[in-house]
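Working notes for the structure below.
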DNA sequence: CCTGAAATGTAGTCGCAGCTACACTTTCTG
DNA sequence: CAGAAAGTGTAGCTGCGACTACATTTCAGG
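Chains as they are written, first to last, in our numbering: chain A, 40 to 185; chain B, 40 to 185.
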């Protein structure tokens, strides 16, 4: 966000196969927000409420970490919660969760389609999904409907 | 690494479609190490030396950040460097770079094969590659040789 | 061979995701 | 309905990646 343009040019006269890294770094925090939104939506749908402890368990972190991250989501307008009552999603949060869920499915389906075992597909999709651009997502969709 | 087992069980009596997140989080730091190793190898191969400033430019970060991260790589036995001389890779570092490079190619090829435009494929692969397990990688390879 | 620009290194700050430890509600149960 | 167990929240610490600002070293031209 705060990192300005800075062309990122390759070495001047050298024919380096410049690959643009760049994003990836700041992407991490939004990846976590996505995971939380998705999980909270899941919990709300399946259990009717999303408690910090459940979130923590499912993500494999301490409950304190879960609570702090939920606080960040609240700050960012994605979630709401009141002390000792569960966590809920704002409209923005729900929208995010829906997008993430759809993307997740698509990524898993694509992986399966190219022969990745179910177990690995589910597992890897968790990490991969956060880095799939809209263009790539569209290509996945087209491929699956070939 | 320091996070112990902690079974990560789903809710006891609830039929939640438990998806294992878990790793992902600590994975981030090794993803960065991978990027650096790969880039340093690239620079060494194409320009003959890897200077902090070049690394920083290519990654889109400040030179201070690059230097600090290189320090971490040194701590982890992946790189070496002496003040004002460039950065080099240890054997472990080279091995890592080679693995990463190969994996990157495979991911890009797979993406292209399912119809992702070249530009997007290169770009997304950068983020995706760090989350592709060996099993998935093997599946990609098999698919490409269909 | 000397000097100034460019590169390199160092210090100190911030935000965030983790953790443990402790304090405080809620809720369950005897 | 009181006490214990479970859940929730707060405080304080760490590591890491990112930054800016400042200090130092190299090295190329004059």
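Just so you know, even glycine gets a beta-carbon here, dropped at the ideal spot from N, CA and C.
- Closer than 7 Å, Cβ to Cβ, to anything on chain A: give me those residues from the region 99-128 of chain B, in chain order. Contact annotation: in the region 99-128 of chain B, residues whose CB is within less than 7 Å of a CB in chain A are 99.
- Message: According to DSSP, residue 120 (chain B) sits in a beta bridge with which residue or residues?
- Response: For this step, residue 120 (chain B) is matched to residue 81 along the second chain. Its beta-bridge partners are B:126.
- Whole angstroms is fine: what's the gap from residue 168 (chain B)'s alpha carbon to residue 116 (chain A)'s? One-based indexing of the second chain puts residue 168 (chain B) at position 129. One-based indexing of the first chain puts residue 116 (chain A) at position 77. Looking at the two C-alpha atoms, the distance is approximately 31 Å.
- Message: Tell me the residue span of the alpha helix (DSSP H) that contains residue 109 (chain A).
- Response: For the purposes of this step, residue 109 (chain A) is taken as the residue at position 70 of the first chain. 102-114 is the extent of the alpha helix (DSSP H) around residue 109 (chain A).
- Since residue 172 (chain B) meets chain A, which of its residues come closer than 8 Å, beta carbon to beta carbon? The residue labelled residue 172 (chain B) in the question sits at position 133 within the second chain. Correct list: 159, 162 and 163.
- Task: Along the alpha helix (DSSP H) that carries residue 86 (chain B), what are the first and last residues, could you check?
- Result: Indexing the second chain from 1 puts residue 86 (chain B) at position 47. If you look at residue 86 (chain B), you'll find it in the alpha helix (DSSP H) that goes 66-86.
- Query: Between residue 130 (chain B) and residue 185 (chain A), what straight-line distance do the alpha-carbon atoms span, to the nearest angstrom?
  - Reply: For the purposes of this step, residue 130 (chain B) is taken as residue 91 along the second chain, with counting starting at 1. For the purposes of this step, residue 185 (chain A) is taken as residue 146 along the first chain, with counting starting at 1. Taking the straight line from one Cα to the other gives about 45 Å.
- Query: Would you call the CB atoms of residue 125 (chain B) and residue 66 (chain B) closer than 8 Å?
  - Reply: Counted from its first residue, the second chain places residue 125 (chain B) at position 86. Counted from its first residue, the second chain places residue 66 (chain B) at position 27. Contact check for residue 125 (chain B) against residue 66 (chain B) fails: the beta carbons are separated by 8 Å or more.
- Is residue 83 (chain A) close to chain B, meaning its C-beta is less than 8 Å from at least one C-beta of that chain? Within the first chain, the letter at position 44 stands for residue 83 (chain A). Between residue 83 (chain A) and chain B, the shortest Cβ-Cβ separation is not below 8 Å.
- Determine, using beta carbons only, whether residue 164 (chain B) and residue 147 (chain B) come nearer to each other than 8 Å. If you number the second chain from 1, residue 164 (chain B) lands on position 125. If you number the second chain from 1, residue 147 (chain B) lands on position 108. Result yes, Cβ atoms of residue 164 (chain B) and residue 147 (chain B) sit closer than 8 Å.
- Cβ shell of residue 134 (chain A) (< 7 Å), same chain only, five flanking positions each side left out: The residue given as residue 134 (chain A) occupies position 95 in the first chain. Same-chain partners within the cutoff: there are none.
- Task: Let me know if residue 173 (chain A) comes out buried or exposed under the rule of 16 or more other beta-carbons within 10 Å of its beta-carbon.
- Result: Within the first chain, residue 173 (chain A) is the residue found at index 134, counting from 1. Per the 10 Å Cβ criterion, exposed.
- Item | Rounded separation between residue 80 (chain B) and residue 171 (chain B) - CA only | Numbered from 1 along the second chain, position 41 holds the residue referred to as residue 80 (chain B). Numbered from 1 along the second chain, position 132 holds the residue referred to as residue 171 (chain B). Rounded to whole angstroms, residue 80 (chain B) to residue 171 (chain B) spans 21 Å at the Cα level.
- Query: So, is residue 114 (chain A) buried or exposed, given that buried needs 16 or more other C-beta atoms within 10 angstroms?
  - Reply: Numbered from its first residue, the first chain carries residue 114 (chain A) at position 75. Exposed: under 16 other Cβ atoms inside 10 Å.
- Message: Per the DSSP calculation, residue 131 (chain B) is bridged to which residue(s)?
- Response: On the second chain, residue 131 (chain B) is found 92 positions in, with the first residue counted as 1. Looking at the DSSP assignment, residue 131 (chain B) forms no beta bridge with any residue, so it has no partner.
- Does the distance from the CB of residue 72 (chain B) to the CB of residue 98 (chain B) come in under 8 Å? Numbered from its first residue, the second chain carries residue 72 (chain B) at position 33. Numbered from its first residue, the second chain carries residue 98 (chain B) at position 59. The answer is no: Cβ separation not under 8 Å.
- In the DSSP assignment, find the unbroken alpha helix (DSSP H) run with residue 99 (chain A) in it and report its ends. Along the first chain, read from residue 1 onward, the residue named residue 99 (chain A) stands at position 60. Careful: residue 99 (chain A) lies outside any alpha helix (DSSP H) and carries neither H nor E.
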